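Heads up, the thing below is written out as structure tokens.
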């Protein structure tokens, strides 16, 4: 399964959104990978270093690819994180 999602959090896929994204990715029985929508390279969604290393900013699109029993549920949860503005402190 595959989806393209626009990153909404102001910090992009860094710091808190990235941490929440990685933590959520590991909760599912699925192999989830992500990358920039315009690139072929995909990084493991369960790796904080790989996720933050992509340097994805607010407003950019990412491609999520998931395989496994929970693939659709994983994509739903991860899309929700990427599509929701981060709450202010």
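In the working numbering, the protein residues as written are 5 to 93. Ideal placement from N, C-alpha and C gives every residue a C-beta, glycine not left out. All of these numbers come straight from a predicted model, not from anything done at the bench.
In the structure shown, the three-state DSSP call for residue 10 is strand. DSSP links residue 76 through a beta bridge to no other residue. Between residue 50 and the set 59, 71, 26, 63, the nearest pair of CA atoms involves 26.
Distance from residue 67 to residue 34 at the Cβ level is roughly 15 Å; contact not present, criterion being Cβ atoms closer than 8 Å. The DSSP assignment places complete alpha helix (DSSP H) segments of no fewer than 4 residues inside the stretch 17-85 at 19-29, 52-57, in order along the chain. Contact check for residue 10 against residue 61 fails: the beta carbons are separated by 8 Å or more. As the crow flies, the alpha-carbon of residue 21 is around 11 Å from that of residue 84.
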